[in-house]
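Shown next, in structure tokens, is the structure this report addresses.
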Amino acid sequence: DGGITQSPKYLFRKEGQNVTLSCEQNLNHDAMYWYRQDPGQGLRLIYYSQIVNDFQKGDIAEGYSVSREKKESFPLTVTSAQKNPTAFYLCASTWTNAEETQYFGPGTRLLVL
Amino acid sequence: AQTVTQSQPEMSVQEAETVTLSCTYDTSENNYYLFWYKQPPSRQMILVIRQEAYKQQNATENRFSVNFQKAAKSFSLKISDSQLGDTAMYFCAFSVPDKLIFGTGTRLQVFP
Chain C
341 DGGITQSPKY LFRKEGQNVT LSCEQNLNHD AMYWYRQDPG QGLRLIYYSQ
391 IVNDFQKGDI AEGYSVSREK KESFPLTVTS AQKNPTAFYL CASTWTNAEE
441 TQYFGPGTRL LVL
Chain R
44 AQTVTQSQPE MSVQEAETVT LSCTYDTSEN NYYLFWYKQP PSRQMILVIR
94 QEAYKQQNAT ENRFSVNFQK AAKSFSLKIS DSQLGDTAMY FCAFSVPDKL
144 IFGTGTRLQV FP
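Structure follows, in structure tokens:
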């Protein structure tokens, strides 16, 4: 089945720890995105990538890092510099750019211990 | 600033009735795309409908239709014959170069 997978579904982070959220797609999409969703707020863009080995900061990139070594994969690392990481994280992809429909993964819930 | 405003945090409708969710946005762009996404309790984001700003004709998708008023920067979603499965958060969004701008959402509850 074609689609976007995210893992894990739930993730717990200890103080000072870096954690990595996985996002994989087999839709052959060029562009991939990471969003953060907090209660009562819409989705806010963390990072995006339109081509392998290239990515750009979104609106709330501080405390996060990404890589795009393969077209299918766009992992997000939440670093210890992110002081309020508890949120729901959504990965999305689209063919080339944001004018097209974005397809979303099922999300990862990150909680701080 | 480019923003999306959804002024109705919560709405409810009875099954089989019609409901309209409002959305206004602000952009200086002339060419852009508008979207309504649905997020049910599973939290999976699903596209409901998409509208190209250069098209005057309102988009429709089965029971879902939009009222797009470009001059007023308004993009409302009408759901006809509401079903229990329509219960969800609904997010309005528009595209700017390279990314989407989302509103804060409207929580829709459909009652039997």
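Residue numbers (our numbering), protein chains in the order written: chain C, 341 to 453; chain R, 44 to 155.
For every residue, glycine included, the Cβ atom is placed at its ideal position computed from N, Cα and C.
Alpha-carbon spacing of GLU95 of chain R relative to LEU453 of chain C, whole angstroms | Along the second sequence, read from residue 1 onward, the residue named residue 95 of chain R stands at position 52. Along the first sequence, read from residue 1 onward, the residue named residue 453 of chain C stands at position 113. Using only the alpha carbons, I get a separation of about 44 Å.
Which two residues bound the contiguous beta strand (DSSP E) that contains TRP435 of chain C?
-> The sequence position of residue 435 of chain C within the first sequence is 95, counting from 1. Premise fails: TRP435 of chain C is in no beta strand (DSSP E) and is neither H nor E.
Per DSSP, which residues does TYR76 of chain R bridge with? Please list them.
-> Residue 76 of chain R sits at position 33 when you count from the first residue of the second sequence. According to DSSP, which records beta bridges pairwise, TYR76 of chain R is partnered with R:GLU95.
In the DSSP assignment, find the unbroken beta strand (DSSP E) run with LEU351 of chain C in it and report its ends.
-> Sequence index remark: in the first sequence, residue 351 of chain C carries index 11 (1-based). 350 to 353 is the span of the beta strand (DSSP E), which, as asked, contains LEU351 of chain C.
Count the other CB atoms, across all protein chains shown, that sit within 10 Å of the CB of ALA131 of chain R; report buried if there are 16 or more and exposed otherwise.
-> Along the second sequence, one-based indexing puts residue 131 of chain R at 88. When all chains shown are included, ALA131 of chain R counts as buried.
Between which two residues does the beta strand (DSSP E) containing VAL47 of chain R stretch?
-> Residue 47 of chain R sits at position 4 when you count from the first residue of the second sequence. Start and end: 46 to 48.
Please decide whether LYS57 of chain R counts as near chain C, where near means a Cβ-Cβ distance under 7 Å.
-> Taking the first residue of the second sequence as 1, we reach residue 57 of chain R at position 14. In the sequence under discussion, the amino acid at residue 57 of chain R is Gln, which differs from the Lys named in the question. Not closer than 7 Å to any Cβ of chain C, the Cβ of GLN57 of chain R fails to qualify, so no.
Checking contacts by CB at 7 Å: is LEU361 of chain C closer than that to chain R?
-> If you number the first sequence from 1, residue 361 of chain C lands on position 21. Closer than 7 Å: no.
Determine the direct distance from the alpha carbon of LYS113 of chain R to that of LYS98 of chain R, and round the result to whole angstroms.
-> As a working mapping, residue 98 of chain R is identified with position 55 in the second sequence. As a working mapping, residue 113 of chain R is identified with position 70 in the second sequence. Their Cα atoms are separated by approximately 10 Å.
The beta strand (DSSP E) enclosing MET372 of chain C, as first and last residue numbers | On the first sequence, residue 372 of chain C is found 32 positions in, with the first residue counted as 1. Looking at the DSSP string, the run of the beta strand (DSSP E) that includes MET372 of chain C is 371 to 377.
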